[in-house]
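A.B. asks: Take this structure first; my questions come after.
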Amino acid sequence: MKKILFLHGFYASGQCVPALALRESFEGRAEVSTPDLPMHPKEAVSYIRGLIDREKPDLLIGNSCGSFYAQMVAPVVGVSALLGNPHFQMTEFLKQRIGEHQYKSPRKNGKQDFVIDEALIEEFAEMETIQFNNCNPDFKDRIWGLFGENDTLAHFEPIFLEHYNKSFHFPGGHTPTADEVHMWYVPLAEKLLKSI
Numbered sequence: 020m021k022k023i024l025f026l027h028g029f030y031a032s033g034q035c036v037p038a039l040a041l042r043e044s045f046e047g048r049a050e051v052s053t054p055d056l057p058m059h060p061k062e063a064v065s066y067i068r069g070l071i072d073r074e075k076p077d078l079l080i081g082n083s084c085g086s087f088y089a090q091m092v093a094p095v096v097g098v099s100a101l102l103g104n105p106h107f108q109m110t111e112f113l114k115q116r117i118g119e120h121q122y123k124s125p126r127k128n129g130k131q132d133f134v135i136d137e138a139l140i141e142e143f144a145e146m147e148t149i150q151f152n153n154c155n156p157d158f159k160d161r162i163w164g165l166f167g168e169n170d171t172l173a174h175f176e177p178i179f180l181e182h183y184n185k186s187f188h189f190p191g192g193h194t195p196t197a198d199e200v201h202m203w204y205v206p207l208a209e210k211l212l213k214s215i
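Just so it is clear: in the sequence shown, position 42 is 61 by this note's numbering, and no numbers are missing.
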């Protein structure tokens, strides 16, 4: 059975709507892992690399900040990736949201509160400067982008197309609904899995 690793967005968790919809869609056909990611980007990337080493997924699927991570990691570990609404400038997103927040879906450790501060923004800034360093010609057709036409948060298709060839659109917003996951993410994921 194929294995898929889903990487959620910044405010989300492994229990967010897209994660649950992917697990439901692939039930009996692929094993979908949807872990809670650490909030700090260096820790998150290290955690993702460890998961990939252990679980050996065939495909990464990300959304938003999860796509930011997937794009950095995929060429290094040799795994194809589907990037849903990738957010390549997390610093701009976070600067407008300094302060206390809550995750929008439950985390396994029960901790729902977190703080966005200057130190976190600095850490993302460091990652942004190197985020495309591992791009290579072998991955131009192995990392696909999926962009919501009504996304009001991330508009990075032009940056994506500077590095990768395959870009798709769906008539949704930044965080896909369960129906949008079934209708748009799943068929693309299936195509990517077949092309491996």
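Backbone N, C-alpha and C define an ideal beta-carbon position, used for all residues, glycine too.
(1) The alpha helix (DSSP H) that contains Glu147, what's its start and end?
(2) Assuming the contact rule is C-beta atoms closer than 8 Å, Asp136 and Ile162 should be a hit. Round their C-beta distance to whole Å, please.
(3) Could you check how far apart the C-beta atoms of Pro60 and Glu142 are, in whole angstroms? I think they sit under 8 Å.
(4) What is the DSSP secondary structure of Glu6, reduced to helix, strand or coil?
(5) Take the Cβ of Val134 as the centre, count every other Cβ of all protein chains shown within 10 Å, and call the residue buried at 16 or more, exposed below.
(6) In this structure, how does DSSP classify Val200 when only helix, strand and coil are distinguished?
(7) Which residues in the same chain as Val200 place their Cβ atom closer than 8 Å to its Cβ, once the five residues preceding and following it in sequence are excluded?
(8) Taking only runs that begin and end inside the stretch 25-88, name each unbroken beta strand (DSSP E) of 3 or more residues, in chain order.
(9) Going by beta carbon distance, what residues of the same chain come within less than 6 Å of Val92, once the five residues before and after it are set aside?
(10) Under 8 Å by Cβ, that's how I've got Gly164 and Pro206 pegged, so tell me the actual separation to the nearest angstrom.
(11) Where does Ile178 fall in DSSP's three states?
(12) Buried or exposed for His174, please, with buried defined as at least 16 other CB atoms from any protein chain shown within 10 angstroms of its CB.
(13) Can you list, in chain order, the stretches of the beta strand (DSSP E) that have 3 or more residues and sit fully within the stretch 91-143?
(14) Please identify the residue among Leu101, Lys21, Met20 and Leu211 whose C-alpha is closest to the C-alpha of Asn82.
(15) Tell whether a beta-carbon distance below 7 Å holds between Glu168 and Pro190.
(16) Check for me: the alpha helix (DSSP H) holding Lys210 runs from which residue to which?
C.D. replies: Result, derived from the coordinates:
(1) Note, Glu147: alpha helix (DSSP H), Glu137 to Ile149.
(2) The pair is not a contact, with the Cβ atoms about 31 Å apart (cut-off 8 Å).
(3) Between Pro60 and Glu142, the beta carbon gap of about 5 Å places them in contact (Cβ cut-off 8 Å).
(4) Only positions 20 to 215 of the chain appear in this structure, which leaves residue 6 out of reach.
(5) With fewer than 16 other Cβ atoms within 10 Å, it is exposed.
(6) It is helical.
(7) Taking C-beta separations shorter than 8 Å and ignoring five residues to either side along the sequence, the partners of Val200 in its chain run Val36, Pro37, Ala40, Leu41 and Ser44, following chain order.
(8) Whole beta strand (DSSP E) segments, 3+ residues: 49-52 and 78-82.
(9) Cβ neighbours of Val92 beyond the five flanking positions: Ile67.
(10) Between Pro206 and Gly164 the Cβ distance is about 15 Å, and since that is not below 8 Å, they are no contact.
(11) Ile178: helix per DSSP, three-state reduction.
(12) With fewer than 16 other Cβ atoms within 10 Å, it is exposed.
(13) Uninterrupted beta strand (DSSP E) stretches at least 3 residues long and entirely within the stretch 91-143 occur at 99-103, 118-121 and 132-135, given in chain order.
(14) Comparing Cα-Cα distances from Asn82 to each of Leu101, Lys21, Met20 and Leu211, the minimum goes to Leu101.
(15) Contact check for Glu168 against Pro190 passes: the beta carbons are separated by less than 7 Å.
(16) Per DSSP, Lys210 belongs to the alpha helix (DSSP H) from Val205 to Ser214.
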